[in-house]
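Numbering-wise (this note's numbering), the sequence shown opens with residue 3 and increments by one.
Heads up: the structure comes next, in structure tokens.
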Amino acid sequence: MTNIQAASGSLVNYGVKDVKPLDYRGEDPLTTKTYHGVSIVAKNGAGQEAIVGRIQSWQPDAYTREGVHLYELSYKRWGRPVEYIPGKATGFTIAVTRAEVWNAEMEIAFGFSNQFNDLLDQDRPFKVKEYWLKGSSSVQIWEYRGCWFQSKNVDAVTSDGDGVARISATLAYVSHNKTK
Numbered sequence: 003m004t005n006i007q008a009a010s011g012s013l014v015n016y017g018v019k020d021v022k023p024l025d026y027r028g029e030d031p032l033t034t035k036t037y038h039g040v041s042i043v044a045k046n047g048a049g050q051e052a053i054v055g056r057i058q059s060w061q062p063d064a065y066t067r068e069g070v071h072l073y074e075l076s077y078k079r080w081g082r083p084v085e086y087i088p089g090k091a092t093g094f095t096i097a098v099t100r101a102e103v104w105n106a107e108m109e110i111a112f113g114f115s116n117q118f119n120d121l122l123d124q125d126r127p128f129k130v131k132e133y134w135l136k137g138s139s140s141v142q143i144w145e146y147r148g149c150w151f152q153s154k155n156v157d158a159v160t161s162d163g164d165g166v167a168r169i170s171a172t173l174a175y176v177s178h179n180k181t182k
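Spelled out as structure tokens, the structure:
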């Protein structure tokens, strides 16, 4: 992960320190995956991979499948399924929420040069990588290929809110592969 550059975040430095990674080498190391060891990466406008910062939530839907229950006309089993026929895989979306950053809005963070007027401004698909980290070393990398914004909307702006501008989006993708 050393060649991954962080996306531009705050323009001021308040001395916020990085958190040390969990130590999985000890006598009784953790065995549970923790989601604070996840980084989301996309290619920026210069073609380099950069961390998409300020993500508040990331929820891929990769394991959904349609199917059909078969029923039998029988005095013994009427109304109960007797078999299930698996069908096509569906889902292939990612729900993401991100706090907006001036001059690094969501579409810019995902590698486009400008903010979109609407989703028709997206003229090419993009790739996203999901890095799962165990301590300070990378253990799993998932790549989502053929990504397109399916929706991208500002979360509600309210008089009693916290004042943070957040964008909720859904990304549709074509394939999802473990690359490491």
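Glycine included, each C-beta is placed from N, C-alpha and C at the ideal position.
- Task: State yes or no: is the C-beta of residue 39 within less than 9 Å of the C-beta of residue 104?
- Result: One thing to note: residue 39 has its Cβ no nearer than 9 Å to the Cβ of residue 104.
- Message: Tell me the rounded alpha-carbon separation between residue 147 and residue 16.
- Response: Between residue 147 and residue 16, the alpha-carbon positions lie close to 36 Å from each other.
- Message: DSSP three-state label for residue 132, please.
- Response: It is a strand residue.
- Counting pairs of Cβ atoms below 8 Å between the region 104-115 and the region 72-83, do you hit three or more? No, they do not touch.
- For residue 139: DSSP bridge partner residues: The beta-bridge partner set that DSSP reports for residue 139 consists of 136.
- Item | Limits of the unbroken alpha helix (DSSP H) element including residue 107 | Segment: none, residue 107 is in no alpha helix (DSSP H) and carries neither H nor E.
- Query: Three or more beta-carbon pairs under 8 Å between the region 113-132 and the region 86-94, yes or no?
  - Reply: No, the region 113-132 does not touch the region 86-94.
- Message: Just to confirm my understanding: we take residue 98, look at its own chain, exclude 5 residues before and 5 after, and list those with CB closer than 6 Å. What are they?
- Response: Hits under 6 Å: 60 and 171.
- Item | Alpha carbon of residue 48 to alpha carbon of residue 56, nearest angstrom | Using only the alpha carbons, I get a separation of about 20 Å.
- Message: For residue 114 and residue 68, what's the separation of their Cα atoms in angstroms?
- Response: Taking the straight line from one Cα to the other gives about 34 Å.
- Task: Determine the extent of the beta strand (DSSP E) in which residue 62 is found, giving its start and end residues.
- Result: Boundaries of the beta strand (DSSP E) harbouring residue 62: 57-63, taken from the DSSP string.
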